[in-house]
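K.L.:
Here you go, one structure.
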Amino acid sequence: MADQSEIRPAESIARESDKKLKKALSLQDLFFLSMGGIIGSGWLLGVAGAAGTAGPASILSWIIGGIIVLFIALTFAEISGAIPKSGAIVRYPHLAYGGYTGYIIGWAYMLSAVTVPTVEAEAVLTYASTYVPGLFHTVSGVSVLTPVGILAGVVLLIAFFFLNWFGIRFLGKFNSVATWWKFIIPTLTFIFLLFMFNKSNLISHGGFFPLGVGSMFYAIPSAGIVFSYLGFRQALEFGGEAKNPQRDVPRATVYSVLAAIALYTLLQVAFLGAIKWPAGTTWSTLTSSSLGSAPFFTELQYSGIALFIAFSYFLLIDAWISPSGTGWIYLGNSARVLYGIAADGYFPSSLLKVHNKTRIPYIALIASLVLGVIFFLPFPSWYLFVGFISSATVLTYIMGPLALMTFRKHAPQLHRPFHLPYASVISPIAFVGAALIVYWSGITTLTMIFYTTFIGIPIFYFLYASKKLNLSKLFSYTTGLIELFISIGALVVNYTYVLYPPSKESMAIKTEIFILSLIVVSGTVFLFTAITSLKVSSKDKQMFLSSYWLLSLMVVTELFSYFGAFGNDILIPFPWDTILMIAVYSVIYVFAIKGGHNTEDLSVIVEEQKDLA
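Every position in the sequence shown, counted from 1, becomes a number in the numbering used here once 58 is added.
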């Protein structure tokens, strides 16, 4: 007999699974989950990455990045209070735009979510390499994990897995204890370093903007700044397991971002002021010096003050606790993301299974562990990883302001414990700010993000289109395979001949390859999206028509990035490129708002709330 879970719609299974999740998290638990996600490897390594990218201007990078993230968090605060769900960020796009856009955003978010536990394990090993030899070696000037280092990272991921396996109540309380430690150590660190503060560091080696004003913005996505702030989403992702989600999830979300802005800005100021320059080191070579592998530990060791030197060894302990704390939270988070994508019907419903005893989505947790192990291979370095993760995540955060305005327009009757004031002003600012962070990532990171996102679209045709949209398997599999081969081919060609430094092609040839591949991939995706919209029922047509703004945003960003200040063939210098993108994203925002509609699943949630009222 067929498994009933394979027969019943994923949405109905998800509603039953949501009810099984244990409602155990308090406001403090949610706040500490977000702060536990925020205070991880970013505080240990992000300050060096930011300083190496922007110099003293990195102070402003933390503030600007934090403010943009705060605007994004405010939009999520309202919708998370109205519709608290586990795996929230991948479920809101589905509710606002339907299956196609919801899937694309969910896939992009999954790429970032499942990789964070891996990068946090790498951060632990980066600090450990200061006293454990053989974990890293240098390849093309970049420090990457050795096979022994990768094995050690896998062991850490398995430890993260078991902390989640024992259930959400255990995770919440255990994490609260660890987060207190993670508050105290960074606070003492910047206090001690302020006693070593040398104000001349803020203007030496090239002034306050030694690498140009544009580097201040480039540092936000590429140097670990946005990556450090992204932990605020934990309260959202665990919202379905909160005691009082409507009240506590919005509060925990906003409080965590405000606390993070203050903490990280102070840490950056203290780090910059305490630098004692190793011979021959400049801002651009900072991360390849001794300050790159253990920034605060190295500074305290060089202080010459016995108390500070003694305290520095606590940082070696914290280098295990802080990233590990973030790692075990994010492993649970990535399980909720897979759970959320399955709840939307895109992935197999087996990912919705909740363990009878521990009440966690255990199949999704196992899948998260496996995916985390795989990602050790393409990105075996913290500094290589963070730009990709940050930008992939922020790409999905553009949905917060859009979902907020869509829900207000099409579901005004939803109960909103937190009602965001001036939403019509804050939402476009949050959208444009998030899109700019993606643009500032630089052409190499953007190309990786967009083509890996396009590579995910065929899975929509393989797993969703034929089952949910009544499309023939011949059409679904043919479309999926064509898009898959073209997207993979374009990614390989761009990496080999356009983006990878050793490539010897002239700039003219690189530009031709870049533009031709972008035309082929985007043309293929747009063509099959249009054809699919003609083949589905009138009820399902809107999900494809409402995706053009997102596809356009990705293609336009990729194109302008190549010719902008953060690209290869710079024709539009900073700040004119950023001003141009603000105008472009403002226009796209208008079309994106028009694309939002009252989806069937949103109507179901509205009716459920009526029944509970």
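By construction, the Cβ of each residue, glycine as well, lies at the ideal position given by its N, Cα and C atoms. Quick caveat, the model's predicted, so the values are computed rather than measured.
For the segment 380-400 against the segment 99-114, do three or more pairs of beta-carbon atoms, one drawn from each stretch, fall closer than 8 Å, so that the two count as touching?
P.N.:
Touching, per the Cβ criterion.
K.L.:
Could you round the C-beta distance between Phe621 and Leu629 to whole angstroms and report it? I think they count as a contact, below 8 Å.
P.N.:
Beta-carbon to beta-carbon, Phe621 and Leu629 are separated by about 4 Å, close enough to satisfy the 8 Å threshold.
K.L.:
Does the segment 105-112 touch the segment 305-315, meaning 3 or more C-beta pairs lie closer than 8 Å?
P.N.:
no
K.L.:
Taking Ala318 and Gly124 to be in contact with their CB atoms under 8 Å, please state how far apart those CB atoms are, rounded to whole angstroms.
P.N.:
Taking the Cβ atoms as the reference, Ala318 lies roughly 7 Å from Gly124, within the contact range of under 8 Å.
K.L.:
In whole angstroms, what is the alpha-carbon distance linking Leu460 and Leu592?
P.N.:
26 Å
K.L.:
Please confirm whether Ser84 and Lys301 have their CB atoms less than 8 Å apart.
P.N.:
yes
K.L.:
In chain order, what residues of the same chain have a beta carbon less than 7 Å from the beta carbon of Val664, not counting five sequence neighbours either side?
P.N.:
Ala469, Gln471 and Leu472
K.L.:
Quick one: what's got a C-beta closer than 8 Å to Lys257's C-beta in the same chain, skipping five residues either side?
P.N.:
Only Gly331 meet the Cβ criterion.
K.L.:
Residues bridged to Val202 by DSSP?
P.N.:
His195
K.L.:
Please report the straight-line C-alpha distance between Gly500 and Val483, rounded to a whole angstrom.
P.N.:
28 Å
K.L.:
Shortest alpha-carbon distance to Ile646 belongs to which of Leu396, Phe512, Ala493 and Thr569?
P.N.:
Ala493
K.L.:
Give me the DSSP bridge partner(s) of Pro83.
P.N.:
With the sequence shown as reference, residue 83 is identified as Leu, and Pro is not the correct amino acid for it. In DSSP, Leu83 forms a bridge with Ala300.
K.L.:
Among Gly385, Phe296, Met612 and Val206, which has the Cα closest to the Cα of Gln86?
P.N.:
Phe296
K.L.:
If you drop the 5 nearest sequence neighbours on each side, which residues of the same chain put their C-beta closer than 8 Å to that of Ile121?
P.N.:
Ile319 and Thr323
K.L.:
With Glu563 as the anchor, note down where its alpha helix (DSSP H) starts and where it stops.
P.N.:
Careful: Glu563 lies outside any alpha helix (DSSP H) and carries neither H nor E.
K.L.:
State the DSSP-derived secondary structure class of Pro175, mapped to helix, strand or coil.
P.N.:
Secondary structure at Pro175: helix, using DSSP grouped into helix, strand and coil.
K.L.:
Counting along the chain, where does the alpha helix (DSSP H) carrying Ala106 start and finish?
P.N.:
Val105 to Ala112
K.L.:
State the CB to CB distance for the pair Glu541 and Leu576, rounded to an integer number of angstroms; the pair is presumed to be in contact (CB under 8 Å).
P.N.:
Their Cβ separation, rounded to whole angstroms, is 14 Å, which puts Glu541 and Leu576 out of contact at 8 Å.
K.L.:
Please state the DSSP three-state secondary structure of Met612.
P.N.:
helix
K.L.:
Examine the Cβ distances between the segment 415-425 and the segment 216-223 and report whether three or more of them are shorter than 8 Å.
P.N.:
yes
K.L.:
If you run the structure through DSSP and keep just helix, strand and coil, what is Leu435?
P.N.:
coil
K.L.:
Could you have a look at Thr323 and say whether DSSP puts it in helix, strand or coil?
P.N.:
Here Thr323 sits in helix by DSSP.
K.L.:
Any chance the segment 588-606 sits against the segment 247-263, with 3 or more Cβ pairs inside 8 Å?
P.N.:
no
K.L.:
Are the beta-carbon atoms of Trp498 and Phe624 separated by less than 8 Å?
P.N.:
yes
K.L.:
For Lys467, which of Val578, Ala488 and Ile651 has the nearest alpha-carbon?
P.N.:
Ile651
K.L.:
For a test of the three-state rule: what should DSSP assign to Asn391, helix, strand or coil?
P.N.:
helix
K.L.:
What does the alpha-carbon distance come out to for the pair Ala135 and Gly156?
P.N.:
21 Å
K.L.:
Would a C-beta distance cut-off of 8 Å place Tyr158 and Ser545 closer than the cut-off?
P.N.:
no
K.L.:
On the premise that Thr454 lies in contact with Ala166, defined as a C-beta separation below 8 Å, what is that separation, rounded to the nearest angstrom?
P.N.:
Ala166 to Thr454, Cβ: 5 Å. Contact.
K.L.:
How many angstroms separate the CA atom of Thr587 from the CA atom of Val614?
P.N.:
17 Å
K.L.:
Can you look up Lys334 in the DSSP assignment and give me helix, strand or coil?
P.N.:
Per DSSP, reduced to three states, the secondary structure at Lys334 is coil, with no helix or strand assignment.
K.L.:
What separation, rounded to the nearest whole angstrom, lies between the Cα atoms of Ile333 and Glu658?
P.N.:
57 Å
K.L.:
For the segment 586-635, which segments carrying the beta strand (DSSP E) assignment without a break, of at least 3 residues, lie completely within its bounds, in sequence order?
P.N.:
none
K.L.:
Does the beta-carbon of Tyr371 have 16 or more other beta-carbons within 10 angstroms, so that it is buried, or is it exposed?
P.N.:
exposed
K.L.:
By the three-class DSSP mapping on this structure, what secondary structure does Val182 have?
P.N.:
DSSP, read as helix, strand or coil, puts Val182 in helix.
K.L.:
Taking C-beta to C-beta, are Gly95 and Phe267 nearer than 8 Å?
P.N.:
no
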